[in-house]
Structures are given as structure tokens and as C-alpha cells.
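Undergrad: In full-length UniProt numbering, the protein residues as written are 1 to 133.
Beta carbons are placed, not taken as given, at the ideal position from N, Cα and C, and that holds for glycine.
1. Among residues of its own chain, excluding the 5 on either side of residue 1, which ones have a beta-carbon nearer than 8 Å to its beta-carbon?
2. Between the alpha carbons of residue 49 and residue 8, how many angstroms are there, rounded?
3. From what residue to what residue does the beta strand (DSSP E) around residue 79 run?
4. At what residue ranges does the UniProt domain "Cupin type-2" (60–121) contain a whole run of the alpha helix (DSSP H), taking only runs of 4 or more?
5. I'd like to check one pair, residue 80 with residue 51: are the Cβ atoms closer than 8 Å?
6. In angstroms with no decimal places, state the Cα-to-Cα distance between residue 57 and residue 42.
7. Let me confirm a value: residue 36 is counted as buried when at least 16 other C-beta atoms fall within 10 Å, else exposed. Which label applies?
8. I need the DSSP call for residue 17, collapsed to helix, strand or coil.
9. Using the beta-carbon count (16 or more within 10 Å), is residue 59 buried or exposed?
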């Protein structure tokens with residue numbers, strides 16, 4: 001059980017992903033994958049492009065306290081961050097953004113950005129158009 005402002009993360013983890021014509025997936029049952037490049041960062045691939053012709057993907061991302069998703073870009077993709085737990089800082093195109101529950105950030109195609117978890121773990125729903133994977 002998480003404490004503090006992580007109640008929505010708990011609800012997401014306990015929830016399901018419904019697909020037309022196939023069995024629902026339980027989010028908690030999905031594997032946490034370590035990020036290939038950034039230590040202390042993990043993601044659950046909730047919706048993958050192979051389910052929708054590559055149009056979009058959705059990932060629950062966990063950035064552990066003291067770690068970050070360093071500067072990076074996604075060429076050819078827009079990204080939407082919905083902060084669902086924890087508090088940290090985001091940086092995009094010279095702008096500093098407080099990442100806390102309820103904040104939504106639109107990251108345009110090919111714009112450099114990063115997220116730092118400096119006050120506990122940070123959880124975001126990251127949605128990519130077109131799909132990341």
C-alpha cells in the first residue's frame with residue numbers, strides 16, 4: 001500500500017484495460033519494464049501500438065526518487081504526460097514545470113524534455129501519438 005498522494009496510482013494498478021473483442025487486462029498483472037537508458041525508471045505498457053495499428057500507446061511510468069528520465073526527444077511523436085502520483089520537476093524547451101498529480105503536459109514532436117523525481121517517486125501516464133511501441 002502506498003501512502004501520501006499515490007491513491008490514484010493504486011486505483012490505476014487495481015484497474016483493468018478493456019479491449020473490444022478480447023479479454024480485459026489487469027494493470028497490476030502487467031510487467032514493470034526497466035527503461036533501456038535511464039536507471040531508476042520503469043514502465044508498464046498498458047496499450048501498445050499492435051492493438052491499434054500503431055496509432056497510439058499508453059504507459060504507466062515510474063521514476064524512483066533521486067532518479068530522472070534525462071534529456072531526450074521522440075522524433076515523429078507527440079507525447080502527453082498526465083501526472084498521477086508523486087511530485088517532481090519537468091523541463092521542456094527551457095521551461096521548468098512542477099510535476100504533481102493533476103498536471104498534464106503536452107510534449108510536441110521532437111522537443112527535448114526530461115523529468116526529475118526529487119521529492120519521492122513520480123508516476124505519469126505517458127501517451128504517445130503515434131505509438132512508441
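TA: Taking the coordinates as given:
1. In the chain shown, counting from the first residue as 1, residue 1 sits at position 1. The predicted model places residue 1 with a pLDDT of 44, which falls under 50 and marks its position as unreliable; any figure quoted below should be read in that light. Cβ within range, chain order: 10.
2. For this step, residue 49 is matched to residue 49 along the chain shown. For this step, residue 8 is matched to residue 8 along the chain shown. For residue 49 and residue 8, the distance between alpha carbons rounds to 25 Å.
3. Position 79 of the chain shown, counting from 1, holds the residue named residue 79. Unbroken beta strand (DSSP E) run through residue 79: 78–85.
4. none
5. If you number the chain shown from 1, residue 51 lands on position 51. If you number the chain shown from 1, residue 80 lands on position 80. No, the pair does not count as a contact, with Cβ atoms beyond the cut-off.
6. Position 57 of the chain shown, counted from the start, is the residue given in the question as residue 57. Position 42 of the chain shown, counted from the start, is the residue given in the question as residue 42. Their Cα atoms are separated by approximately 16 Å.
7. By one-based count along the chain shown, residue 36 stands at place 36. By the 10 Å Cβ count, residue 36 comes out exposed.
8. What you label residue 17 is simply residue 17 of the chain shown in a count that begins at 1. In this structure, residue 17 counts as strand in the three-state DSSP scheme.
9. In the chain shown, counting from the first residue as 1, residue 59 sits at position 59. By the neighbour-count rule (16 or more Cβ atoms within 10 Å), residue 59 is buried.
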